[in-house]
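S.K.: If you scroll down you'll find the structure; I have some questions about it.
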Amino acid sequence: MIGLAVFALLLSYAQCDLFSLELTTPSATGCYYQGSYYPVGSFKPTPCEYCQCSISGQAMCAIADCAPPQCADAVHEKDKCCPTCPNGHNCKAPDGHLLNLGETYYMNSHTKCYCDTRHFGSYMAVCTHMAVDPVHVPHVDPNNPYYYVTSYVDPPKVAPVDPDTVYYPAKGR
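What the sequence shown shows, in mature numbering (1 follows the signal peptide of the UniProt record, and there is no 0), is residues -16 to -1, 1 to 157, in sequence order.
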């Protein structure tokens, strides 16, 4: 009988404590965060913020940290937290041309660019400048002795010639 009385006393104390807790709880039904009011529960003030408004009126927020986009033409959409790459993984040549990952692009006759998988966060194409200095002795154009074609690393080009300095081999030798 004494045990039952103690249990009833504890139960009434617990009920009383819960009741008094309800009476002493602040009447706040939400919280303010950066000048805006939010009801109790979770809320997202921006696409990158995840917040919780407690019953005590305090807001606790976590801010998402975006990884760098894997492209040179990232787009930041209004309702998304992190930038996206609508054209896939790519990089940019110095002239602004976009290359897809693994693609080779000839920016001009002596500059070759490649979109490598390891562009170290810059998303610029890796470009090499090929030699444009003549490699072989000039070949005189038989139709026009004032121009010659020189062999280059890339396709041949026509260059003007000073007729006084061009070497013409003697015929018959």
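For glycine and all other residues, C-beta sits at the position ideal for the given N, C-alpha and C.
All values derive from a computational prediction rather than experimental measurement.
Going by Cα to Cα distance, which pick from D63, I39 and H113 is closest to M91?
M.R.: H113
S.K.: What does the alpha-carbon distance come out to for the pair A48 and V59?
M.R.: 17 Å
S.K.: Indicate the three-state DSSP secondary structure (helix, strand or coil) for E87 in the structure shown.
M.R.: coil
S.K.: Can you tell me whether N71 is buried or exposed, with buried defined as 16 or more other CB within 10 angstroms of its CB?
M.R.: exposed
S.K.: Between D79, C50 and A77, which lies nearest to T68 when the distance is taken from Cα to Cα?
M.R.: C50
S.K.: With a CB to CB cut of under 7 Å and the five nearest residues on each side skipped, what residues in its chain are close to P23?
M.R.: T13, G14 and C37
S.K.: So H81 and Q54 are supposed to be a Cβ contact under 8 Å. How far apart are they, rounded?
M.R.: 18 Å between Cβ atoms; not a contact.
S.K.: Run through the DSSP bridge pairs and tell me what M44 is partnered with.
M.R.: Q36
S.K.: Using three-state DSSP, classify G14 as helix, strand or coil.
M.R.: Under the three-state reduction of DSSP, G14 is assigned to strand.
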